[in-house]
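Below: the structure, in structure tokens.
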Amino acid sequence: MVYRNLVRLGLLGVGSGVVTYNFDELETAGIGAVRFGRAAVTVTKIVADYKSTLYSGKITPNSEEYSIAKSQAHLRAAQKLLELCCVNGGAFVKVGQHLGSLEYLLPQEYVNTMKVLHSKAPESPLEDIKQVLEEELKCKPEDLFVEFEPRPLGAASLAQVHRATLKDGREVAVKVQHPLVKAHSKVDMKGMELLVQAVTMVFPEFDFTWLVEEMKKNLPAELNFSTEANNAERVAAQFSHLPWLKIPKVEWPLTTERVLTMEFCEGGQVNDRSYMLTHGINTHDVSEKIGRLYSEMIFVNGYVHCDPHPGNVLVQAGNGKGAQIVLLDHGLYTNLTNDFRLTYSKLWLSILDADLEAIQRHGNQLGVGELYGLFACMVTGRSWDSISKGIDKKARTSEEQDEIKADAAKYLPEISAVLSRVPRQMLLIFKTNDLLRGIEFSLDTHKSMRSFITMSHCCIHSLFDHRRSLCDGSRLCRARVSLSEAWAQLRVSLYALYLYLLQSGPVKYFLQGSGQVLPQM
9 MVYRNLVRLG LLGVGSGVVT YNFDELETAG IGAVRFGRAA VTVTKIVADY KSTLYSGKIT
69 PNSEEYSIAK SQAHLRAAQK LLELCCVNGG AFVKVGQHLG SLEYLLPQEY VNTMKVLHSK
129 APESPLEDIK QVLEEELKCK PEDLFVEFEP RPLGAASLAQ VHRATLKDGR EVAVKVQHPL
189 VKAHSKVDMK GMELLVQAVT MVFPEFDFTW LVEEMKKNLP AELNFSTEAN NAERVAAQFS
249 HLPWLKIPKV EWPLTTERVL TMEFCEGGQV NDRSYMLTHG INTHDVSEKI GRLYSEMIFV
309 NGYVHCDPHP GNVLVQAGNG KGAQIVLLDH GLYTNLTNDF RLTYSKLWLS ILDADLEAIQ
369 RHGNQLGVGE LYGLFACMVT GRSWDSISKG IDKKARTSEE QDEIKADAAK YLPEISAVLS
429 RVPRQMLLIF KTNDLLRGIE FSLDTHKSMR SFITMSHCCI HSLFDHRRSL CDGSRLCRAR
489 VSLSEAWAQL RVSLYALYLY LLQSGPVKYF LQGSGQVLPQ M
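For the sequence shown, our numbering begins at 9 and goes up steadily by one.
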């Protein structure tokens with residue numbers, strides 16, 4: 009009965025929103041009304057479907073029939089949302105892509121359906137792209153480029169990228185914003201905000217307002233390609249010590265808020281294992297370098313690239329020096345405060361040490377309270393059993409992954425509560441962690457301990473660097489802290505050596521003969 013009332017209230021809220029919403033405040037009132045109307049109709053249909061399927065009283069909850077019906081309702085709802093995202097485009101595709109990465113929160117029917125948007129976002133016609141180029145660069149494209157490939161290399165939610173050749177013969181990648189995405193963004197965000205409020209009224213145990221809040225904060229920055237260009241140069245400077253990392257150079261004379269021109273870089277997508285094997289690229293080397301790059305971003309620099317999906321990270325053969333990593337799409341970064349970065353570092357070290365009391369303490373500091381165990385599982389993508397025993401001692405298995413997916417469906421309200429409690433910085437870290445884990449699974453390197461070793465080194469450096477900053481100029485204090493750090497880093501390196509020796513021929517043969525499962529380096 010409670011659900012029936014909530015559904016009626018939600019439908020009433022959506023319906024009245026369509027009638028009374030003040031579109032005079034929006035830049036493009038007519039188009040905005042149509043786009044919002046599509047979204048309202050879609051949400052209304054989804055809510056009505058859930059009501060008639062699950063809350064009509066015809067099916068007994070917790071029965072097998074109920075589970076099947078719920079899965080089918082999830083799938084129908086996800087397909088309706090996908091269709092809405094493709095028709096409306098722009099910010100709707102961006103939200104759909106985000107939903108496709110929330111494996112720790114949403115049912116698999118939603119995740120698997122929305123994932124298609126990561127690689128198949130709608131494209132804009134070439135004529136529209138050329139019009140944007142002419143408006144932004146004050147010149148016809150044929151006067152700037154010797155060649156401009158008509159088919160885009162890739163299309164994303166906000167823009168698409170074309171390969172081109174400059175007058176001096178250099179090849180560049182030209183990222184052009186979809187023509188109407190900026191004009192529609194205000195309409196879309198206002199509409200999404202109202203629709204999410206209606207959904208929350210229908211399903212009060214799920215609070216998705218955090219998703220809209222993050223979109224409202226991040227979208228303006230992502231729509232300004234000059235900001236993206238500045239981000240790229242900042243990251244290139246921060247990681248100049250990594251010879252294997254490539255950040256394409258910006259062509260500033262051909263860059264504006266809606267057009268970004270950068271050096272063109274070849275390479276295979278970071279999840280394309282067959283490409284790497286064909287080109288003699290070591291997948292474990294790739295996985296280790298990606299792990300180091302993002303560990304330094306999160307734990308050392310506090311400036312994190314938050315969209316490492318496969319299309320934004322390329323891999324090249326490195327001429328005998330291992331894999332070369334090319335990092336693209338610098339539109340979305342998050343700045344971590346020192347307090348958050350240090351607490352998060354301590355949380356990870358406590359997880360790596362299987363120190364359950366410390367996990368609870370640092371979880372409390374990050375605002376999750378009694379849900380610290382679930383929070384640790386969400387951070388690591390591992391089960392609580394693995395965390396309790398030590399995630400560096402127990403390799404990931406397909407059985408564990410199935411358990412995690414089942415628990416995600418079982419604890420959806422609790423997961424939603426965690427997401428509403430954590431600092432806003434944590435939301436993009438969740439997304440980044442999930443995408444990185446997806447890359448590891450694609451490369452079949454997820455059983456390796458290398459990522460945890462790399463992460464341990466970065467966490468230790470972060471914490472001891474903070475202690476050095478508290479020495480107040482005392483050389484003796486700094487020397488003591490540096491000596492303690494060296495010892496802590498040596499312990500991690502010795503453990504890495506121990507794991508390496510376990511994989512050596514005689515030792516591996518003996519332990520496998522005794523039936524023991526070995527962690528992989």
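Even for Gly, the Cβ is constructed at its ideal location relative to N, Cα and C.
>> Quick check: what's the CA-CA separation for K146 versus L262?
In response: 10 Å
>> Please classify Y506 as buried or exposed, where buried requires at least 16 neighbouring CB atoms within 10 angstroms.
In response: exposed
> What's the gap between the Cα of R499 and the Cα of E378?
Replying inline: 32 Å
>> Can you tell me where the alpha helix (DSSP H) holding T4 begins and where it ends?
In response: The requested residue 4 is not part of the displayed model; the chain covers only 9 to 529.
> Helix, strand or coil: which one does DSSP assign to E265?
Replying inline: coil
> If you run the structure through DSSP and keep just helix, strand and coil, what is A77?
Replying inline: helix
> So, using beta-carbon positions, are S109 and L443 closer together than 8 Å?
Replying inline: yes
>> Please report the straight-line C-alpha distance between C273 and Q168, rounded to a whole angstrom.
In response: 16 Å
> Residue range of the alpha helix (DSSP H) that T462 falls in?
Replying inline: 458-477
> In or out: N343 buried (at least 16 other Cβ within 10 Å) or exposed?
Replying inline: exposed
> With distances taken between CB atoms, is the gap from G299 to M122 smaller than 8 Å?
Replying inline: no
> Are the CB atoms of A362 and K397 nearer to each other than 8 Å?
Replying inline: yes
> Under three-state DSSP, which class holds D32?
Replying inline: With a pLDDT of 43 at D32, under the threshold of 50, the modelled position of that residue is not reliable, and the figure given next carries that caveat. Of the three classes helix, strand and coil, the one that applies to D32 here is helix, per DSSP.
>> Would the region 429-443 count as touching the region 278-288 if we require 3 or more Cβ pairs under 8 Å?
In response: no
> Going by DSSP, what residues sit across from G276 in a beta bridge?
Replying inline: V323
> How many angstroms separate the CA atom of G25 from the CA atom of L202?
Replying inline: For G25, the predicted model reports a pLDDT of 40, less than 50, meaning its position is unreliable; a value from the coordinates is still stated below. Taking the straight line from one Cα to the other gives about 7 Å.
>> Considering only the alpha carbon of each residue, which of E144, G162, D176 lies closest to E155?
In response: D176
> For Y352, which option in G330, R159, V376 has the closest C-alpha, if you only look at C-alpha atoms?
Replying inline: V376
> What's the C-alpha gap between Q185 and L152?
Replying inline: 18 Å
> Which word fits G104, buried or exposed, when buried means at least 16 other C-beta atoms lie within 10 angstroms of its C-beta?
Replying inline: buried
>> Can you check which of these residues, D452, K439, V426, is closest to S406 by C-alpha distance?
In response: D452
> With 16 other CB atoms within 10 Å as the buried threshold, where does P251 fall?
Replying inline: exposed
> Which runs of the alpha helix (DSSP H), 4 residues or longer, sit entirely within the region 391-425?
Replying inline: 392-397, 406-418
> Could you give the distance in angstroms between the alpha-carbon of I289 and the alpha-carbon of G330?
Replying inline: 7 Å
> To which residues of the same chain is S459 closer than 6 Å at the C-beta, ignoring the five residues directly before and after it?
Replying inline: G299
>> Helix, strand or coil, according to DSSP, for T345 in the structure here?
In response: coil
> Is it right to say R159 is buried, meaning 16 or more other beta carbons lie within 10 angstroms of its own, or is it exposed?
Replying inline: exposed
> Does DSSP put R159 in a helix, in a strand, or in coil?
Replying inline: coil
>> One question on the structure: do H338 and V189 come within less than 8 Å of each other, judged by their Cβ atoms?
In response: no
> By how many angstroms is the C-alpha of T269 removed from the C-alpha of R178?
Replying inline: 12 Å
>> Suppose you measure from the CA of E408 to the CA of V387; what does that come to, to the nearest Å?
In response: 15 Å
> Roughly how many angstroms lie between the CA atoms of L134 and H170, to the nearest whole one?
Replying inline: 10 Å
> What are the boundary residues of the alpha helix (DSSP H) that I8 is part of?
Replying inline: Because residue 8 is not part of the residues shown, which for the chain are 9 to 529, the question remains open.
> Are L336 and L322 touching if we call contact CB-CB under 8 Å?
Replying inline: yes
> If you draw a straight line from the C-alpha of G326 to the C-alpha of H317, how long is it?
Replying inline: 22 Å
> So, V308 versus I437, is the Cβ gap smaller than 8 Å?
Replying inline: no
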